[in-house]
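**Q** Next up is a structure, given as C-alpha cells.
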Ligand SMILES: C[S@@+](CC[C@H](N)C(=O)[O-])C[C@H]1O[C@@H](n2cnc3c(N)ncnc32)[C@H](O)[C@@H]1O
C-alpha cells in the first residue's frame with residue numbers, strides 16, 4: 012500500500028484504475044515483494060526449519076494477510092493486470108504457507124544460534140588498494156555475495172565442498188583487485204564448492220555490464236562463468252547460490268570430475284558429467300582443490316584440458332602441512348608443458364592480500380591462524396610444446 016504525501020486520504024481511496032495500475036503492476040515494490048516471496052519459497056523448499064523460523068519471526072503474518080486479500084472485491088479499482096499481479100503474489104504466499112507444518116508456528120525446536128548458522132554468509136569482497144593500483148580503484152568495485160553452505164552432515168571426504176574454505180576468500184579478493192583478469196573472458200572454476208570465487212567473478216562481470224549501460228536480457232545472454240564440481244549435492248547448492256545472488260545471467264553450473272580429464276587435450280576442451288567434450292576457456296580458477304597427491308595430478312590434467320592455448324589459471328592452496336599433495340602440483344603442471352609462477356600469498360599485493368581479508372577468512376572452515384597459502388599462476392603455451400619424459 013503506497014500513499015503520496017501530498018494526497019489526502021479521500022483522493023487516495025478513490026484512485027482511478029489507471030493510478031492503481033501504476034501502483035501495483037510494474038512497480039519496484041511489486042517486483043521486490045515478488046522476489047522476496049520467491050526467495051522465501053526457495054527457502055521453504057530447501058530448508059524447512061529456517062522457513063518455519065522466518066514464519067515465527069513475522070513472515071507468516073504477512074503471508075496470511077496477503078492470502079486473505081479479497082482480490083475480487085477490488086475489481087472496480089483494479090485493472091486485469093493488477094489482478095494478475097496480486098493473484099501471483101497470493102499464489103506464492105499460499106504455496107509457502109502450504110509447505111509449513113505449523114502455519115502460523117508457535118515454537119522452534121532450535122536455538123537462535125543453531126538457526127543463525129543456517130543463514131547464508133555475506134562476503135563483501137573489496138579490492139585491495141596497493142600503492143600502484145590505489146588511484147584507479149573505486150568503492151563500487153567491491154562485490155557482495157551471499158553464500159549458502161550445505162547444512163547436512165559431511166559423511167565422506169567427497170563432501171568437503173559443503174562449506175567454504177580459506178583459499179576461496181583469497182582468490183576472490185585477488186580477482187576483485189585485478190578485474191582486468193576476468194573482463195571479456197570465458198571463465199571456469201573447478202572444484203567450486205560453495206562457489207564464492209566464480210560468483211564474485213560473475214559479480215564483476217555484472218557490474219561491468221551495468222556500468223556500460225548494457226543490461227543483458229536472459230534470452231540473449233550466454234553465461235560467461237561456469238562453476239563446476241563433481242559432487243551432486245554441492246552442485247545443487249551452487250544452483251541455490253546462483254539464485255540467491257540473482258546472477259543467473261552471468262553464471263551457470265556444470266558437472267566436472269578431475270579424474271575424467273586426461274591432460275592430453277591441447278585445444279580440445281574438457282569432459283562434462285555426461286562424457287560430452289566442452290569448449291576450452293580463457294581462464295581457470297581453483298581454490299583449495301588438492302587434498303591428496305592424486306588430486307595434484309588430476310587437477311593439473313584438468314587445467315590443461317580446460318584451457319585454450321595461451322590461457323591462464325590461478326590456483327590458491329593451503330600449504331602441504333594442511334593439504335596433502337599440494338607439493339606435487341607445480342611439477343605436474345610443468346610435466347604437461349605449462350609454465351608456473353609460484354607466489355607466497357603473504358607477499359602478494361604489497362602484502363595486503365592476506366592481511367586485508369582476515370575477518371572473512373575466519374568465516375571459513377579449516378582456517379588455522381598462521382596457515383601459509385600459495386598462489387600458482389599457470390599458463391598454457393600458445394604453441395604445443397614437446398613434453399619432458
Ligand atoms: C576443500 S573444497 C574447496 C571448495 C571451494 N573451492 C572453496 O575453496 O571453498 C574442495 C572442492 O573440490 C571438489 N572436488 C574434490 N574432488 C574433485 C574431483 N575429483 N573433481 C571435481 N571436484 C572435486 C570438492 O567437491 C570440493 O568442492
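Numbering (our numbering), first residue to last: 12 to 400.
No residue lacks a Cβ here, since even glycine has one placed at the ideal position from N, Cα and C.
Does ligand 1 have even one heavy atom less than 7 Å from the beta-carbon of residue 270?
**A** Residue 270: yes, Cβ under 7 Å from ligand 1.
**Q** Quick one: is residue 50 buried, meaning 16 or more other Cβ sit within 10 Å of its Cβ, or exposed?
**A** Looking at its Cβ environment, which holds fewer than 16 other Cβ atoms inside 10 Å, residue 50 is exposed.
**Q** Return helix, strand or coil for residue 259, following the three-state DSSP convention.
**A** Coil, per DSSP.
**Q** Does the region 379-388 come within contact of the region 321-337, defined as at least 3 CB pairs closer than 8 Å?
**A** Contact holds: three or more Cβ-Cβ distances are below 8 Å.
**Q** How is residue 66 classed by DSSP in three states: helix, strand or coil?
**A** The answer is helix: DSSP assigns residue 66 an H, G or I state.
**Q** What is the DSSP secondary structure of residue 298, reduced to helix, strand or coil?
**A** Three-state DSSP puts residue 298 in a strand.
**Q** Where residue 248 and residue 56 are concerned, what is the direct C-alpha to C-alpha distance, given to the nearest angstrom?
**A** Cα to Cα, the separation comes out at about 13 Å.
**Q** Tell me the DSSP bridge mates of residue 37?
**A** Paired residues: none, contrary to the question.
**Q** Secondary structure at residue 285, three-state DSSP: helix, strand or coil?
**A** In this structure, residue 285 counts as coil in the three-state DSSP scheme.
**Q** Between which residues of its own chain and residue 182 is the CB-CB distance below 7 Å, once the five residues before and five after are set aside?
**A** 208, 296, 298, 325 and 327, listed in sequence order.
**Q** Around the Cβ of residue 391, are there at least 16 other Cβ atoms within 10 angstroms (buried) or fewer (exposed)?
**A** Buried, by the Cβ-count rule.
**Q** So is residue 160 buried or exposed if we call it buried at 16+ other beta carbons inside 10 Å?
**A** Under this definition residue 160 is a buried residue.
**Q** How is residue 134 classed by DSSP in three states: helix, strand or coil?
**A** It is a strand residue.
**Q** Taking residue 300 and residue 202 to be in contact with their CB atoms under 8 Å, please state how far apart those CB atoms are, rounded to whole angstroms.
**A** That pair is a contact at about 3 Å.
**Q** Suppose contacts are defined by Cβ-Cβ distances below 8 Å. Is residue 288 in contact with residue 235 by that definition?
**A** The answer is no: Cβ separation not under 8 Å.
**Q** Determine the DSSP secondary structure at residue 175, reduced to helix, strand or coil.
**A** Residue 175 falls in the coil class under three-state DSSP.
**Q** Where does residue 354 fall in DSSP's three states?
**A** Strand, per DSSP.
**Q** Are there 16 or more other CB atoms within 10 angstroms of the CB of residue 339, so buried, or fewer, so exposed?
**A** Buried.
**Q** Please list the terminal residues of the continuous beta strand (DSSP E) segment that includes residue 236.
**A** First-last of the beta strand (DSSP E) with residue 236: 236-240.
**Q** Can you check which of these residues, 254, 370 and 281, is closest to residue 311 by C-alpha distance?
**A** Comparing Cα-Cα distances from residue 311 to each of 254, 370 and 281, the minimum goes to 281.
**Q** Identify the continuous beta strand (DSSP E) that holds residue 329 and give its terminal residues.
**A** Note, residue 329: beta strand (DSSP E), 318-329.
**Q** Identify which residue in 318, 356 and 303 has its Cα closest to the Cα of residue 332.
**A** For residue 332, the nearest C-alpha among the options comes from 303.
**Q** Could you compute how far the alpha carbon of residue 243 sits from the alpha carbon of residue 263?
**A** One C-alpha to the other measures close to 14 Å.
**Q** Beta carbon of residue 172: closer than 7 Å to some heavy atom of ligand 1?
**A** Yes, ligand 1 has a heavy atom inside 7 Å of this Cβ.
**Q** Does at least one heavy atom of ligand 1 sit under 7 Å from the Cβ of residue 201?
**A** Yes, the Cβ of residue 201 comes within 7 Å of a heavy atom of ligand 1.
**Q** Taking the C-alpha atoms as reference points, what is the distance between residue 36 and residue 124?
**A** In a straight line, the C-alpha of residue 36 is about 39 Å away from that of residue 124.
**Q** Since I believe residue 175 is in contact with residue 158 (beta carbons under 8 Å), could you give me their beta-carbon distance rounded to a whole number of angstroms?
**A** Right, the Cβ-Cβ distance comes to about 6 Å (below 8 Å), so this counts as a contact.
**Q** What's the C-alpha gap between residue 294 and residue 114?
**A** Going from the Cα of residue 294 to the Cα of residue 114 covers about 48 Å.
**Q** Touching or not, the region 95-112 and the region 56-69, by the rule of three or more beta carbon pairs under 8 Å?
**A** Yes: at least three Cβ pairs fall under 8 Å.
**Q** What separation, rounded to the nearest whole angstrom, lies between the Cα atoms of residue 190 and residue 41?
**A** Rounded to whole angstroms, residue 190 to residue 41 spans 34 Å at the Cα level.
**Q** Is residue 141 near residue 360, with beta carbons less than 8 Å apart?
**A** It is a contact, given that the beta carbons lie within the stated cut-off.
**Q** Tell me the rounded alpha-carbon separation between residue 286 and residue 195.
**A** Computed Cα separation, rounded: 28 Å.
**Q** Nearest to residue 152 by CA position, among 162, 168, 171 and 186, is which residue?
**A** Checked all of 162, 168, 171 and 186; the closest Cα to residue 152 is 186.
**Q** Taking the alpha carbon of residue 47 as the point to measure from, which residue in 257, 276 and 309 has its own alpha carbon closest?
**A** The shortest C-alpha separation from residue 47 is found at 257.
**Q** Smallest Cα separation from residue 381: which of 389, 394, 104 and 356?
**A** It is 356 whose Cα lies nearest to the Cα of residue 381.
**Q** If distances are taken between C-alpha atoms only, which option among 170, 98, 241 and 337 comes closest to residue 80?
**A** That would be 98, whose Cα lies nearest to the Cα of residue 80.
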